[in-house]
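Residue numbers (the UniProt record's numbering): 1 to 165.
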């Protein structure tokens, strides 16, 4: 197996992926937390959501699950939406503007910013569906949850859609 990059033991790695069956449609996220030899998988499915919401929620839930905020975290994701929004500082600009509430996924971005500011987070983008083992596993978790029978309500999405109707 080809190594995509090595994993120093002093860091926490968070691998994530999101999925939706239709956009919007049923969706899910998958996340793997790795610290040294310890690993934990996180996944949930929702009855109506979008792919971008699931990509972002995977990262939020993973960051919130880390009980060692003093350690640096590397988030490995195939989501250009999230990586570009953070690394190009778009989300910080949105936050300063009066119309932040009109941005897509504003509820999740506010939740993300809260947990992001409590940690040292770095992002590494990987191409999805390209053989990266952890990304492939996260995709499996996300798809399995999106197609499962115990789907939750994505209240942020469904409330916004109900207001638009």
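The C-beta atom is built at its ideal place from N, Cα and C for all residues, glycine as well.
Can you tell me whether residue i is helix, strand or coil according to DSSP?
i: residue 104; result: coil
i: residue 22; result: coil
i: residue 83; result: helix
i: residue 66; result: coil
i: residue 148; result: coil
i: residue 99; result: helix
i: residue 114; result: helix
i: residue 127; result: coil
Would you list the one or two residues that DSSP bridges to residue i?
i: residue 41; result: 32
i: residue 74; result: 13, 122
i: residue 27; result: 20, 46
With distances taken from CA atoms, which of the options is nearest residue i?
i: residue 75; options: 83, 29, 68; result: 83
i: residue 105; options: 28, 51, 37, 132; result: 51
i: residue 37; options: 72, 57, 12; result: 12
i: residue 79; options: 111, 159, 162, 59; result: 59
i: residue 117; options: 53, 101, 151, 91; result: 91
i: residue 85; options: 27, 123, 158; result: 123
i: residue 53; options: 149, 133, 107; result: 107
Leaving out the 5 sequence neighbours to the left and right, which residues in its chain are closer than 8 Å to residue i when beta-carbon positions are compared?
i: residue 139; result: 17, 19, 30, 128, 129
i: residue 64; result: 115
i: residue 47; result: 26, 151, 152, 153, 154
Might you give, ordered along the chain, the residues of its own chain that have their beta carbon closer than 6 Å to the beta carbon of residue i, omitting 5 neighbours on each side?
i: residue 23; result: 50, 51
What does a CB cutoff of less than 7 Å around residue i pick up in its chain, not counting 5 residues either side in sequence?
i: residue 141; result: 30, 41, 43
i: residue 62; result: 14, 16, 31, 33, 42
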